[in-house]
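*Asks:* These protein sequence lines map, in sequence, to chains A and B.
Its first residue numbered 97, the first sequence is counted upward by one per residue in this note's numbering.
Its first residue numbered 97, the second sequence is counted upward by one per residue in this note's numbering.
Think of the CB as a built atom: it goes at the ideal place given N, C-alpha and C, for glycine as much as any other residue.
None of these values were measured; they are calculated from a predicted model.
2 protein chains.
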Amino acid sequence: MTLKFEVLDQSRNSAARRGRITLDRGQFETPVFMPVGTQATVKTMTPEELKACGAGIILANTYHLYLRPGEDLIARAGGIHHFMNWDRPLLTDSGGFQVFSLADLNEISEEGVRFQSHLDGSRHFITPEKSMQIQKKLGSDIVMAFDECAPYPADKEYAKEALDRTLHWAHRCQQEMENSPQNLFGIVQGGTFADLRRLSARETVKFDFPGYAIGGLSVGEKNELMYEMLEVTVPELPRDKPRYLMGVGTPQDLIAGVRRGIDMFDCVMPTRIARHGSIYTREGRLTIRNASYREDFSPPDPDCSCYVCRNYSRAYLRHLLKRREILGIRLTTYHNIYFFLRLMTNLRRAIARQELDSFADEFLERYRDDAVAG
Amino acid sequence: MTLKFEVLDQSRNSAARRGRITLDRGQFETPVFMPVGTQATVKTMTPEELKACGAGIILANTYHLYLRPGEDLIARAGGIHHFMNWDRPLLTDSGGFQVFSLADLNEISEEGVRFQSHLDGSRHFITPEKSMQIQKKLGSDIVMAFDECAPYPADKEYAKEALDRTLHWAHRCQQEMENSPQNLFGIVQGGTFADLRRLSARETVKFDFPGYAIGGLSVGEKNELMYEMLEVTVPELPRDKPRYLMGVGTPQDLIAGVRRGIDMFDCVMPTRIARHGSIYTREGRLTIRNASYREDFSPPDPDCSCYVCRNYSRAYLRHLLKRREILGIRLTTYHNIYFFLRLMTNLRRAIARQELDSFADEFLERYRDDAVAG
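Structural data, given as structure tokens:
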């Protein structure tokens with residue numbers, strides 16, 4: 097199950113490229129956005145709907161699945177693909193980020209991380225080896241190394257410590273995954289320090305992983321700082337391996353990442369804001385629950401041709417959301433996932449046509465950062 | 097938009113019959129079960145999923161839609177079909193039952209019913225004319241007369257009063273619906289008194305409605321009493337018009353109703369228990385949330401070939417329900433609706449083959465009333 101990555105088009109005036117990743121369970125083009133299926137379900141959606149939206153790969157969270165229902169149960173179910181009825185590629189994170197952000201952290205040591213579950217306070221100890229063992233049982237196609245994601249802001253000394261530990265752990269992850277058919281990606285850390293990012297990238301690349309992620313960004317720092325970190329990190333990563341910017345992001349960040357040579361993204365935003373009654377449109381985010389849409393019988397996003405925008409009005413979506421009807425957040429979620437995946441399709445096409453700048457400029461000019469007034 | 101009803105097969109040893117109802121928006125066979133779309137959505141489901149389950153007609157609740165989003169908004173949306181993207185027949189109730197059961201009832205008079213909304217306490221006055229006007233704006237294919245559903249138990253005097261009022265109101269409803277292309281069904285009342293039921297049926301039939309409903313049953317009385325009421329009422333109803341038993345019921349009640357000559361049913365049970373984590377199976381109700389299904393990788397209902405039972409395990413459903421994932425109640429709802437609609441298909445086939453008794457006996461022997469232990 098070796099990952100194959102091909103660069104199909106290289107942008108002439110940016111680091112952007114269009115590529116193709118092939119795995120045993122399927123092939124998809126990059127830059128790609130991976131919908132997040134935290135608990136072995138992309139919230140509200142069936143696998144068939146994800147496919148109808150164009151999803152070629154999704155992500156699941158090791159931390160959540162380890163706690164509930166447990167990796168052993170999923171292994172007995174025949175692996176996560178069989179468990180959740182998803183037959184295309186799937187990436188699992190290492191659990192590290194959630195341990196650091198969700199759980200009650202008790203102790204970080206060279207050996208691993210001691211924490212208490214955010215669900216019931218139960219005590220757990222995760223090591224790099226343990227994270228690999230869990231991900232083996234889950235049976236994902238792409239496995240992420242167990243890393244330490246330093247909180248933002250972190251001072252340089254701590255960022256360096258976390259970076260070193262991540263490198264030591266990368267080695268142990270690689271050892272543990274020896275002979276596994278799963279594809280282990282390394283993770284670059286280094287906080288918001290350009291020299292640490294460069295160092296982390298150079299050292300991580302030495303492991304010759306089939307892909308590299310950039311972790312610890314989009315955790316509170318300013319966008320410009322994140323972009324700067326990408327600009328110093330990407331050139332250190334091999335051209336012939338996919339680059340994955342973890343947990344990113346907004347449409348603007350996706351475009352910024354693509355321009356800086358990123359191939360893979362994931363983010364909970366499209367599904368999360370859908371549950372809060374907001375949708376992405378060509379003009380920006382729109383809070384469809386607002387009273388101003390009460391009698392707005394136009395499509396949710398007039399520029400969209402997804403199932404939702406072809407069949408339902410803003411007024412109907414608002415009615416469903418106000419009445420707390422589940423179909424409401426099903427429809428907003430579906431549209432938002434479609435919106436993100438279509439944006440990636442458009443970005444890939446623009447790269448292939450050497451039109452990325454004009455596409456991006458046009459998109460960003462029309463797309464407003466804040467929710468559309470309403 | 098005149099309703100056409102044909103009896104295709106008459107059971108030789110019971111009142112059961114297989115029929116076909118034709119309306120401008122489509123045709124469906126009877127006995128039929130109508131999934132309930134209270135707020136212009138059958139909870140959790142898209143119209144396409146309802147069709148995939150075999151739904152030929154659904155129901156929506158006038159009381160809820162009158163309160164939110166309001167019949168005027170739905171009229172401006174082009175009617176309820178366009179509003180909710182359902183292009184097959186749809187029946188609306190009169191709002192009466194919900195006014196009597198959900199709202200704060202202030203006063204029942206010959207003129208109408210004064211009540212306060214269960215949502216915000218706002219004051220409303222619904223008359224038979226008003227109920228018809230609302231249903232006209234909703235644009236349903238079948239409209240129900242505004243009736244008074246006496247609570248159970250009601251003494252005979254009150255039951256007679258409610259019956260009389262329902263007849264007076266039926267007249268006013270018919271006047272108000274004159275020249276409307278919608279099909280107005282009359283409603284038989286009479287509590288649990290055989291002579292009142294007979295009287296109500298005879299008087300209601302005089303209006304020559306295109307269909308007749310039996311109301312005020314399955315409101316707390318014993319099953320046997322309900323069956324007795326059907327047995328005295330149905331013979332009073334014309335053979336060439338559809339008979340609709342409102343708000344019923346369990347699989348056992350559906351079979352009992354079909355055997356007594358009922359053609360149409362509706363009930364919130366399959367969707368409601370789905371949201372509480374229970375599914376219908378060939379063996380009875382199964383509380384899939386129970387711990388015993390934690391590692392049960394068999395299909396939810398091994399005898400079912402619906403989308404859910406073909407693709408997911410009890411263990412996965414349990415995981416989703418325990419984690420409060422929306423996909424969980426989507427899948428249990430889908431299966432339950434499919435289960436009810438398939439039962440009706442099987443009943444129709446059994447009637448056509450003159451095998452209703454053997455089918456019903458076999459079904460009821462295997463189907464246990466209580467939830468399957470687990």
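#1: Could you work out which residue in Arg172(A), Gly353(A), Cys363(A) is closest to glutamate 324(A) when comparing CA atoms only?
#2: Ignore the nearest five residues each way along the sequence and tell me which others in glutamate 379(B)'s own chain have a CB closer than 8 Å to its CB.
#3: Between the segment 152-181 of chain B and chain D, which residues of the former have CB atoms less than 7 Å from a CB of the latter, in chain order?
#4: Measuring CA to CA, which of Gly311(A), Asp399(A), Ser394(A), Ser401(A) is closest to leucine 413(A)?
#5: When burial is assigned at 16 or more other CB atoms within 10 Å of the CB, is glutamine 285(B) buried or exposed?
#6: In chain order, which continuous runs of the alpha helix (DSSP H) of length 4 or greater are located wholly inside the segment 188-214 of chain B?
#7: Closer than 8 Å by beta-carbon distance: list the chain B residues that pair up with methionine 365(A), in chain order.
#8: How about methionine 240(B) and alanine 309(B): are their beta carbons less than 8 Å apart?
#9: How should proline 277(A) be labelled, buried or exposed, when 16 other C-beta atoms within 10 angstroms of its C-beta is the threshold for buried?
#10: So what does lysine 100(A) bridge to, in DSSP terms?
#11: Quick check: the segment 120-127 of chain A against the segment 139-146 of chain A, are at least 3 beta-carbon pairs closer than 8 Å?
#12: Suppose only complete runs of 4+ residues qualify. What are the alpha helix (DSSP H) ranges in the segment 301-375 of chain A, listed by chain order?
#13: In chain B, which residues lie less than 8 Å from lysine 139(A) when you measure between Cβ atoms?
#14: Just grab the DSSP bridge partners of alanine 124(A) for me.
#15: Assign isoleucine 433(B) to one of three DSSP states: helix, strand, or coil.
#16: For a contact defined as C-beta to C-beta under 7 Å, what are the partners of histidine 372(A) on chain B?
#17: Say whether chain B places a C-beta atom closer than 8 Å to the C-beta of asparagine 407(A).
#18: Do leucine 169(B) and alanine 411(A) count as a contact pair if the criterion is CB distance below 8 Å?
#19: Check whether the segment 181-190 of chain A touches the segment 145-162 of chain A, taking contact to mean three or more Cβ pairs, one atom from each stretch, closer than 8 Å.
#20: For a cutoff of 8 Å on Cβ pairs, would you count glutamine 212(B) as touching chain A?
#21: How about alanine 136(B): is its C-beta nearer than 8 Å to some C-beta of chain A?
#22: Excluding the five sequence neighbours on either side, which residues of its own chain have a C-beta within less than 6 Å of the C-beta of glycine 133(A), listed in chain order?
#23: Going by the CB atoms, is the gap between arginine 381(A) and isoleucine 369(A) shorter than 8 Å?
#24: Return the residues of the segment 381-415 of chain B that lie within a Cβ-Cβ distance of less than 9 Å from chain A, sorted by chain order.
#25: Is there a Cβ from chain A that is less than 8 Å from the Cβ of threonine 188(B)?
#26: Can you list, in chain order, the residues of its chain with a C-beta nearer than 8 Å to that of proline 366(B)? Leave out the 5 residues immediately preceding and following it.
#27: Between threonine 142(B) and chain A, is the shortest Cβ-Cβ distance under 8 Å, so that the two count as touching?
#28: Quick one: complete beta strand (DSSP E) runs, 3+ long, within the segment 230-266 of chain B?
#29: With H, G and I counted as helix, E and B as strand and the rest as coil, what does DSSP make of asparagine 407(B)?
#30: Would you decide whether glutamine 231(A) is buried or exposed? Buried here means 16 or more other CB atoms lie within 10 Å of its CB.
#31: Excluding the 5 residues flanking glycine 272(B) on each side, which residues of the same chain have their C-beta closer than 8 Å to its C-beta?
#32: Cutting at 7 Å between CB atoms, please list the residues of its own chain near isoleucine 176(A), excluding the five before and the five after it.
#33: Would you call arginine 293(B) buried or exposed, if buried means 16 or more other Cβ atoms sit within 10 Å of its Cβ?
#34: Is asparagine 441(B) helix, strand or coil when you go by DSSP?
*Replies:* Once the coordinates are examined:
#1: Of the listed residues, the one whose Cα sits closest to glutamate 324(A) is Gly353(A).
#2: Taking C-beta separations shorter than 8 Å and ignoring five residues to either side along the sequence, the partners of glutamate 379(B) in its chain run Arg462, Tyr463, Arg464, Val468, following chain order.
#3: No chain D appears in the structure shown, which is made up of the protein chains A and B.
#4: For leucine 413(A), the closest C-alpha among the options Gly311(A), Asp399(A), Ser394(A), Ser401(A) is that of Ser394(A).
#5: By the 10 Å Cβ count, glutamine 285(B) comes out buried.
#6: Runs found: 192-197.
#7: In chain order: nothing, as chain B lies at least about 18 Å away.
#8: Going by C-beta atoms, methionine 240(B) is nearer than 8 Å to alanine 309(B).
#9: Within 10 angstroms of the beta-carbon of proline 277(A) lie fewer than 16 other beta-carbons, which makes it exposed.
#10: Answer is Thr118(A), bridged to lysine 100(A).
#11: Contact between the segment 139-146 of chain A and the segment 120-127 of chain A is absent, because fewer than three Cβ pairs lie under 8 Å.
#12: If we require 4 residues or more, the alpha helix (DSSP H) runs fully inside the segment 301-375 of chain A come out as 319-329, 347-355, 365-371.
#13: Simply Glu421, Ile422, Leu423.
#14: The sequence shown places phenylalanine at residue 124(A), not alanine. Paired residues: Ile117(A).
#15: When DSSP states are grouped into helix, strand and coil, isoleucine 433(B) belongs to the helix group.
#16: Proximity of chain B to histidine 372(A) at the Cβ level (cut-off 7 Å) is not reached, the minimal Cβ distance being about 14 Å.
#17: Answer yes: the Cβ-Cβ gap between asparagine 407(A) and chain B drops below 8 Å somewhere.
#18: Closer than 8 Å, so yes.
#19: The segment 181-190 of chain A is in contact with the segment 145-162 of chain A.
#20: No - not a single Cβ of chain A is within 8 Å of the one on glutamine 212(B).
#21: For alanine 136(B), the closest Cβ of chain A is nearer than 8 Å.
#22: Leaving aside the five residues that flank glycine 133(A) on each side, the residues in its chain whose CB is nearer than 6 Å to its CB run, in chain order, Ile154, Ala156.
#23: Yes.
#24: Going along the segment 381-415 of chain B in chain order, one finds Arg390, Glu391, Phe393, Tyr403, Asn407, Tyr408, Ser409, Ala411, Tyr412, Arg414, His415 with a Cβ nearer than 9 Å to chain A.
#25: With 8 Å as the cut-off, threonine 188(B) does not count as an interface residue toward chain A.
#26: Spatial neighbours of proline 366(B) in its own chain (CB-CB distance under 8 Å, excluding positions within 5 residues in sequence) are listed in chain order as Pro131, Tyr376, Thr429, Asn432, Ile433, Phe435, Phe436.
#27: Closer than 8 Å: yes.
#28: Listed in chain order, they are 238-240.
#29: Asparagine 407(B) falls in the helix class under three-state DSSP.
#30: Buried, because 16 or more other Cβ atoms sit within 10 Å of the Cβ of glutamine 231(A).
#31: Note that residue 272(B) is glutamate in the sequence shown here, rather than glycine. Cβ within range, chain order: Pro224, Glu225, Met228, Gln229.
#32: Hits under 7 Å: Ala136, Ala156, Ile170, Leu186, Leu234, Gly235, Ser236.
#33: Arginine 293(B) is buried by the Cβ-count criterion.
#34: First, the amino acid is wrong: residue 441(B) is threonine here, not asparagine. Threonine 441(B): helix per DSSP, three-state reduction.
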